[in-house]
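K.L.:
Before I ask anything, let me first share the structure, which is written out below as structure tokens.
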Amino acid sequence: MENLKFVKEQLKGKKFFGGGKIGYIDVAFDWLNLASIIEEVAGVKLIDEDNFPWLKAWMELFSDVPVIKQSWPDQEKLIIKYQFVLKLESNQTSMSSAQEEVKLFRNWSSAYALRIVWALKIKGIEFHTIFEDLENKSPSLLHYNPVHKKVPVLVHNGKPICESLVVLEYIEETWKQNPLLPEDPLDKATARFWAKFNDDKLLPSIAVVFTTQGKEQEEVKVPVMENLKFVDEQLKGKKYFGGEKIGFLDIVFGWLANMASVVEEVAGVQLIDEENFPLLKAWMELFSDTPVIKESWPDREKLIIKYQLRREGYLASSVAK
Amino acid sequence: MGEVKVFGVRRSPYSCRVEIALKLKGIKYDFIEEDLSNKSPLLLKYNPVHKKIPVLVHNENPIAESLVILEYIEETWKGTPILPEDPYQRAMARFWSKFIDEKCMPALLKAAVKERENKKAIEEAAELLKILENELEGKKFFGGDNIGLVDIVADFIGYWLGLIQHVTGLELLTKEKFPNLCEWSHEFLSSSIVKESFPPSDHLLEYIRSWLSANPSK
């Protein structure tokens, strides 16, 4: 802006930099007509009428000169070219700040690990995935998560971070683009509160329904309905839990959009229906339809088989008791 | 700064966590002591989901869940930080806070209070304490040179556990087995702010005695 101010001063009382006619300096500044291309591609306002009236007037006058106009390169082609250049530049910076090795230890089905996949993809962070067989954990996993020995584990430049909610906060603080958490401390606290609610109350309550049947299942369904009601209310007047875009809380509740129907099918129970939870149902569809989310879902058939086996195991052991 | 209220119970380690953080940052607040057998309408209004203490109310906005409250306090009042600046160190602090809350607290309550005759429960609690013991190696506080988030979250270990052991004769957190933790507890309790935030030991001992006799071990 300061530099442009110096330039505009040169136009005081003059039609062209060269005076009454186009001169040497006008030709040197001709590239300024790229200004509108830069403004469009980079989303920034540089030369506006209010601040640089003479410069703006000169740009119009200059562009109108036949000799100049007929030599301009095609505007559309220029826009495409500079959009591509900008993309390359931003890839370079994000790559160099994360060159920077990012590894994610996960398995094929863990909903907690999916949270990390989504967060990394939404922020456009390149990462390597190491798939673990949880029946046969790798020495690397045990080295990186000795306390819990679980997935997911994010390893950033050799340093491990465990526990999906902790990892999400780390990702948010390390890579600032596409923020997932709101800025306001109270809104952040609200998001963290509901994330905890999902992990400490909602998910375990659904797990209990999953491991029971008959009359017992009917009884344990009651707290699930209460919990779901709280969650449904959070969506009032909002497209996503995060507002207009997918945020931290959508990522935390995301498992519902896929797993709820798996639980319902395997355990033979209706949990999230349109009538009782219209907002939640709508959100589940919207969320699932997002490409970044959709492309990462584990195979549904495999999930059904896995959870069928698991439920059979639970029911068998509870009968044995 | 605005109006700050804490709905809590002075003998609860969860409630005290919030008071320590506010006092460390020099924030004035009103404390409302709740009767958990007869919860106030205000508490139920401010925490309809869990109906529990502590709840921080800042300018009429309620925040519940002690770990969520601690992060809110940290972000709202910047003086005397309880979290480090570096994202990795912050992640470590959050990891250990979660570990204490989700793993240590239930195991310690089981071993020290609910099933205090259960040898296996005591062993399991000891294994978890060992992990914390190792984490303290070479450090004055979990937070390093100064009290931080993890120290605040470990307040039950620093104060309540010792008093319970005094009443029941439990030998779980001992100097022989956990020298780092015992030294840490001593440092932690030396802080005047921490001391001010806790109920006096004679009150707490009396409460522990009466609770234990009313609730025999399973």
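Chains as they are written, first to last, in this note's numbering: chain A, 2 to 322; chain B, 1494 to 1711.
A virtual CB, placed ideally from N, CA and C, is assigned to each residue, including glycine.
Here the structure is a predicted model, which means the values were calculated and not measured.
(1) Compare the Cα-Cα distances from Y1565/B to each of L33/A, G19/A, R193/A and E136/A and report the closest residue.
(2) Starting from R323/A, trace the alpha helix (DSSP H) both ways and give me its first and last residue.
(3) G215/A lies in the beta strand (DSSP E); which residues open and close that run?
(4) So R193/A contacts chain B; which residues on that side make the cut at Cβ distance below 7 Å?
(5) If we count Cβ pairs, one from each stretch, closer than 8 Å, do we get three or more for the region 249 to 258 of chain A versus the region 209 to 218 of chain A?
(6) Could you tell me whether any Cβ in chain B is nearer than 9 Å to the Cβ of I207/A?
(7) Quick one: is L142/A near chain B, going by C-beta distance under 9 Å?
(8) For H144/A, which of helix, strand or coil comes out of DSSP?
(9) My output table needs one value for I207/A: the three-state DSSP class, helix, strand or coil.
(10) Grouping DSSP H, G and I as helix and E and B as strand, with all else coil, what is G314/A?
(11) Any Cβ of chain B within less than 9 Å of the Cβ of K197/A?
(12) Residues in its own chain within less than 7 Å of I26/A by CB, not counting five upstream and five downstream?
(13) So with CB distances below 8 Å, who are the chain B contacts of K160/A?
(14) Using a C-beta cutoff of 9 Å, does K189/A count as contacting chain B?
(15) Taking only the alpha-carbon atoms, compute the straight-line gap between L1601/B and F242/A and give it to the nearest angstrom.
(16) For chain B, is any of its Cβ atoms less than 9 Å away from the one on E175/A?
(17) Does the region 1584 to 1593 of chain B come into contact with the region 152 to 169 of chain A, if we say contact requires no fewer than three beta-carbon pairs (one atom in each stretch) closer than 8 Å?
(18) Excluding the five sequence neighbours on either side, which residues of its own chain have a C-beta within less than 8 Å of the C-beta of T1661/B, listed in chain order?
(19) So, V232/A versus F288/A, is the Cβ gap smaller than 9 Å?
(20) For the beta strand (DSSP E) containing F1681/B, list its first residue and its last residue.
(21) Within the continuous alpha helix (DSSP H) that includes C1509/B, where are the two ends?
(22) Out of curiosity, what's the CA-to-CA distance linking K15/A and D31/A?
(23) Do we get a CB-CB distance below 9 Å when we pair V168/A with the residues of chain B?
(24) Using a Cβ cut-off of 7 Å, pull out every chain B residue sitting near E164/A, in sequence order please.
(25) Mind checking if F53/A is an interface residue toward chain B, Cβ cutoff 9 Å exclusive?
(26) Quick one: any contact between the region 179 to 196 of chain A and the region 118 to 132 of chain A, if contact means 3 or more CB pairs under 8 Å?
(27) Just to confirm the assignment, what range does the alpha helix (DSSP H) spanning A1647/B have?
(28) Find out if the Cβ-Cβ distance for the pair P1580/B, E174/A is shorter than 9 Å.
P.N.:
The answer reads as follows:
(1) If you number the second sequence from 1, residue 1565/B lands on position 72. Closest option to Y1565/B, Cα to Cα, is R193/A.
(2) Residue 323/A is absent from the model: chain A starts at 2 and stops at 322.
(3) Counting from 1 along the first sequence, the entry for residue 215/A is found at position 214. Premise fails: G215/A lies in the alpha helix (DSSP H), G215 to Q235, not in any beta strand (DSSP E).
(4) To locate residue 193/A, count along the first sequence from 1; it is residue 192. Within 7 Å Cβ-Cβ: V1561 and E1564.
(5) no
(6) Taking the first residue of the first sequence as 1, we reach residue 207/A at position 206. No, because no Cβ of chain B sits closer than 9 Å to the Cβ of I207/A.
(7) Counted from its first residue, the first sequence places residue 142/A at position 141. Not one chain B Cβ lies under 9 Å of L142/A.
(8) Taking the first sequence and counting its residues from 1, the one referred to as residue 144/A is at position 143. Here H144/A sits in helix by DSSP.
(9) The residue labelled residue 207/A in the question sits at position 206 within the first sequence. I207/A falls in the helix class under three-state DSSP.
(10) The sequence position of residue 314/A within the first sequence is 313, counting from 1. Note: G314/A maps to helix in three-state DSSP.
(11) Sequence index remark: in the first sequence, residue 197/A carries index 196 (1-based). True, the Cβ-Cβ gap to chain B drops below 9 Å.
(12) The count along the first sequence starts at 1 and reaches residue 26/A at position 25. Same-chain partners within the cutoff: F18 and G19.
(13) Here residue 160/A refers to the residue found at position 159 of the first sequence. What K160/A touches in chain B: Y1581.
(14) Locating residue 189/A in the first sequence gives position 188, counting from the first residue. With 9 Å as the cut-off, K189/A counts as an interface residue toward chain B.
(15) Start at 1 with the first residue of the second sequence, and residue 1601/B comes out as number 108. Start at 1 with the first residue of the first sequence, and residue 242/A comes out as number 241. About 36 Å.
(16) Working through the first sequence from its first residue, we reach residue 175/A at position 174. The sequence as given places Thr at residue 175/A; Glu does not occur at that position. Yes, contact with chain B.
(17) yes
(18) Taking the first residue of the second sequence as 1, we reach residue 1661/B at position 168. Around T1661/B: A1605, R1609 and L1705.
(19) Residue numbering aside, residue 232/A sits at position 231 when the first sequence is read from its first letter. Residue numbering aside, residue 288/A sits at position 287 when the first sequence is read from its first letter. Not in contact: V232/A and F288/A (Cβ atoms no closer than 9 Å).
(20) Walking along the second sequence from the start, residue 1681/B turns up at place 188. No beta strand (DSSP E) holds F1681/B; the alpha helix (DSSP H) holding it covers P1672 to S1683.
(21) Start at 1 with the first residue of the second sequence, and residue 1509/B comes out as number 16. That run of the alpha helix (DSSP H) goes P1506 to L1517.
(22) As a position in the first sequence, residue 15/A is number 14, starting the count at 1. As a position in the first sequence, residue 31/A is number 30, starting the count at 1. Rounded to whole angstroms, K15/A to D31/A spans 16 Å at the Cα level.
(23) Against the first sequence, residue 168/A aligns to sequence position 167. So yes, V168/A belongs to the interface.
(24) Residue numbering aside, residue 164/A sits at position 163 when the first sequence is read from its first letter. Those are F1588 and K1591, listed as they occur along chain B.
(25) In the first sequence, counting from the first residue as 1, residue 53/A sits at position 52. Taking Cβ atoms only, chain B never reaches closer than 9 Å to F53/A, which makes this a no.
(26) yes
(27) Mapped onto the second sequence, residue 1647/B falls at position 154. Careful: A1647/B lies outside any alpha helix (DSSP H) and carries neither H nor E.
(28) Stepping through the second sequence from its first residue, residue 1580/B is reached at position 87. Stepping through the first sequence from its first residue, residue 174/A is reached at position 173. Yes, Cβ-Cβ distance for P1580/B and E174/A is below 9 Å.
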